[in-house]
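Notes follow the structure.
Residue numbers (this note's numbering): 125 to 772.
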């Protein structure tokens with residue numbers, strides 16, 4: 125089939141093509157008028173057409189798979205699924221081994237006894253919402269954020285994007301990752317025998333309940349291959365941690381086998397048709413390697429291993445730059461990938477299986493990259509981009525290099541598009557001069573070209589407001605990924621790129637590092653430019669960041685072009701500003717920190733909704749008011765802003 129983008133988007137287009145799935149020969153004919161399609165479907169068509177034929181064809185094959193699965197499900201034929209019974213358990217070494225089969229991981233467990241008590245009762249905090257397990261299984265389908273029940277029907281027919289009647293799907297998925305069972309098992313290992321016995325009962329009850337309440341392909345928890353992958357990893361580690369206390373006759377084992385087989389085979393089928401975002405592909409690869417390694421007695425184990433290794437070795441390294449950064453432009457997702465790489469490398473080493481050297485090198489590069497961004501006080505990462513609340517196994521398990529004490533210096537990652545400037549007052553600027561995200565859809569990118577992140581010790585001064593939601597409220601999704609929500613300049617109220625739905629961008633911006641210099645006296649200068657407004661408005665934004673010891677910073681914004689425009693500079697503050705003569709004193713520091721701005725009229729905004737401004741999301745699904753310093757100018761271009769931060 126040869127289909128051009130023009131043919132795909134032409135009204136009343138019609139085309140047909142042969143399709144063979146599982147030995148069934150089909151001829152598919154599609155005919156439609158995009159202008160007459162519902163808004164949700166029309167936007168999907170537009171998004172799929174944009175990347176080109178390959179992306180569209182992959183999506184079409186996946187939809188064909190869904191149709192065939194739905195048909196087979198209706199006929200009672202589920203070729204990707206097996207229901208295991210107690211009689212099957214003795215055949216599998218993972219179920220009968222008397223000792224743990226998984227390697228130890230870098231855990232940093234909390235010392236809160238109250239958390240163990242809550243977990244034993246089945247109570248979990250999900251992004252600020254309380255979730256509790258219930259024996260009838262309804263808890264797996266109840267939305268923690270709204271209390272509504274998600275539909276229990278064929279997974280591909282359930283609407284989950286913004287505007288659905290149930291809530292934010294990401295929040296509903298969280299408890300069904302079953303990662304809280306891993307934490308429960310590990311905390312119970314340190315408790316007395318009675319508590320350990322209770323923990324085994326709790327893990328078994330919830331795992332069996334999940335499998336019974338989520339028949340294969342039914343409900344929201346089969347929509348995302350990544351969710352299936354993370355769930356598979358979690359149950360393996362939870363059960364392995366409690367292995368000596370779980371008898372081989374326990375109903376936990378058939379439930380575990382049923383979940384692992386169905387999840388692994390669904391992941392394999394779906395990713396063989398259509399690759400997803402890099403972190404999703406990596407999660408799937410690790411899950412397939414786990415399933416194939418731990419259940420070698422299954423006929424499908426070799427296929428899972430082969431495909432998992434292919435994804436791991438050929439697909440996942442492509443999104444990691446040679447300097448260690450990720451094309452997805454999110455620190456959270458990069459840590460998520462680091463932990464997944466660490467888990468699979470630990471498993472393969474534990475089983476003395478060969479590992480390609482290039483995967484070890486990728487793992488090392490990512491860890492080195494992230495170590496440069498960690499806070500010198502607590503080792504935390506800046507909340508830049510998306511994925512900050514994604515965990516491969518638990519928020520208490522991370523692979524990372526020991527943090528080195530910061531020294532005043534300039535570090536630039538040319539390929540990833542970041543410069544880190546460290547001062548002598550334990551102050552640090554992260555200057556983002558990188559790309560929008562990963563082409564062709566830039567799904568998790570934010571329009572934050574030339575944005576700044578400024579820290580003093582453990583305190584965030586200029587912050588990235590975070591993500592808040594991916595599939596929830598459309599207005600808030602637009603704001604938190606917009607240019608206005610970042611520490612940079614907005615022209616005529618437009619983003620630097622064009623938001624194309626909640627998970628795509630068009631007209632991506634181009635950035636360029638123009639100049640950098642570091643003198644023997646310690647003065648550091650970095651200048652970069654972006655062209656996000658060039659095509660639409662004829663305006664180019666140049667930003668220079670300069671540091672002069674011992675504690676003086678200057679940010680210079682220069683807008684070039686022609687015409688009259690409304691220009692807006694936003695500084696999102698992690699501390700409270702106190703107006704003083706000539707500027708603002710920022711509270712909370714050992715040495716007073718003074719902020720001054722030239723080039724426009726300054727106003728303070730906090731928790732505004734008309735227009736939206738002055739908000740930050742410290743965790744997914746929640747938002748809190750912050751103070752945003754907004755500087756406005758309306759007039760002719762060229763124009764400049766001058767911002768100074770200095771300790772006095």
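Backbone N, C-alpha and C fix where the C-beta goes; we use that ideal spot for every residue, glycine too.
Quick one: Cα of residue i to Cα of residue j, how far?
i           : j           : result
residue 151 : residue 193 : At residue 151, the pLDDT of 48 sits below 50, so the modelled position is not reliable; the number obtained from the coordinates is stated separately. Spanning the two alpha carbons is a distance of roughly 17 angstroms.
residue 365 : residue 406 : 24 angstroms
residue 255 : residue 634 : 43 angstroms
residue 669 : residue 388 : 49 angstroms
residue 614 : residue 454 : 21 angstroms
residue 490 : residue 318 : 42 angstroms
residue 144 : residue 188 : With a pLDDT of only 44 at residue 144, under 50, the local geometry of the prediction cannot be trusted, and the value read off the model is given with reservation. The alpha-carbon atoms of residue 144 and residue 188 are separated by roughly 10 angstroms.
residue 355 : residue 751 : 39 angstroms
residue 703 : residue 739 : 20 angstroms
residue 715 : residue 502 : 20 angstroms
residue 362 : residue 768 : 52 angstroms
residue 639 : residue 512 : 31 angstroms
residue 171 : residue 190 : Because the pLDDT at residue 171 is just 44, under 50, the model does not fix this residue reliably, and the point stays unresolved.
residue 664 : residue 620 : 10 angstroms
residue 161 : residue 625 : Here the model assigns residue 161 a pLDDT of 46, short of 50, so the residue's position is not dependable, and the following value carries that caveat. When rounded, the distance between both Cα atoms is 16 angstroms.
residue 753 : residue 722 : 13 angstroms
residue 457 : residue 705 : 42 angstroms
residue 606 : residue 351 : 27 angstroms
residue 276 : residue 651 : 54 angstroms
residue 725 : residue 733 : 20 angstroms
If residue i and residue j are in contact, beta carbons under 8 angstroms, what's the gap, nearest whole angstrom?
i           : j           : result
residue 378 : residue 222 : Not really, about 19 angstroms apart at Cβ, beyond 8 angstroms.
residue 425 : residue 391 : Actually they do not touch by this definition, with Cβ atoms about 14 angstroms apart.
residue 694 : residue 579 : Between residue 579 and residue 694 the Cβ distance is about 18 angstroms, and since that is not below 8 angstroms, they are no contact.
residue 586 : residue 576 : 5 angstroms
residue 463 : residue 521 : 7 angstroms
residue 291 : residue 272 : 6 angstroms
residue 207 : residue 401 : Actually they do not touch by this definition, with Cβ atoms about 32 angstroms apart.
residue 547 : residue 675 : 6 angstroms
residue 741 : residue 519 : Between residue 519 and residue 741 the Cβ distance is about 16 angstroms, and since that is not below 8 angstroms, they are no contact.
residue 515 : residue 460 : 7 angstroms
residue 497 : residue 465 : About 17 angstroms separates the two Cβ atoms, so there is no contact after all.
residue 568 : residue 656 : The pair is not a contact, with the Cβ atoms about 18 angstroms apart (cut-off 8 angstroms).
Using CA atoms only, rank isn't needed, just tell me which of the options is closest to residue i.
i           : options               : result
residue 224 : 352, 475, 516 and 442 : 475
residue 616 : 757, 524, 581 and 510 : 757
residue 692 : 728, 627, 300 and 559 : 728
residue 358 : 700, 298, 632 and 240 : 298
residue 679 : 771, 244, 555 and 288 : 555
residue 371 : 321, 755 and 337      : 321
residue 766 : 677, 730 and 686      : 677
residue 313 : 240, 273 and 290      : 240
residue 685 : 417, 696 and 658      : 658
residue 690 : 216, 409, 546 and 755 : 755
residue 832 : 459, 257, 563 and 763 : The question about residue 832 has no answer, for the chain in this structure spans 125 to 772.
residue 339 : 697, 306, 329 and 386 : 386
residue 542 : 560, 525 and 735      : 560
residue 749 : 311, 631, 410 and 699 : 699
residue 608 : 701, 545 and 735      : 735
residue 420 : 183, 505 and 215      : 215
Does the separation of the CB atoms of residue i and residue j fall below 8 angstroms?
i           : j           : result
residue 331 : residue 380 : yes
residue 507 : residue 712 : no
residue 342 : residue 251 : no
residue 618 : residue 660 : yes
residue 773 : residue 610 : As displayed, the chain neither begins before 125 nor continues past 772, which places residue 773 out of reach and without an answer.
residue 737 : residue 593 : no
residue 253 : residue 268 : yes
residue 327 : residue 308 : yes
residue 344 : residue 293 : yes
residue 449 : residue 523 : no
residue 550 : residue 493 : no
residue 323 : residue 195 : no
residue 441 : residue 395 : no
residue 534 : residue 642 : yes
residue 719 : residue 707 : yes
residue 591 : residue 285 : no
residue 416 : residue 397 : no
residue 470 : residue 637 : no
Run the proximity test for residue i: is its beta-carbon closer than 7 angstroms to any non-hydrogen atom belonging to the ligand MG?
i           : result
residue 504 : The ligand MG is not part of the structure shown, which contains no ligands of any sort.
- Item | beta strand (DSSP E) runs contained entirely in the region 699-738, provided each spans 3 or more residues | The DSSP assignment places complete beta strand (DSSP E) segments of no fewer than 3 residues inside the region 699-738 at 701-704, 707-710, 717-722 and 725-730, in order along the chain.
- Item | Segments assigned alpha helix (DSSP H), at least 4 residues, entirely inside the region 363-449 | The qualifying runs are 376-397, 402-418 and 425-434.
- Minimum length 3: unbroken beta strand (DSSP E) runs contained in the region 241-309: You should have 247-250 and 253-256.
- Which residue spans inside the region 562-626 form an unbroken alpha helix (DSSP H) run of at least 4? With a minimum length of 4 residues, the continuous alpha helix (DSSP H) runs that stay inside the region 562-626 are 598-604.
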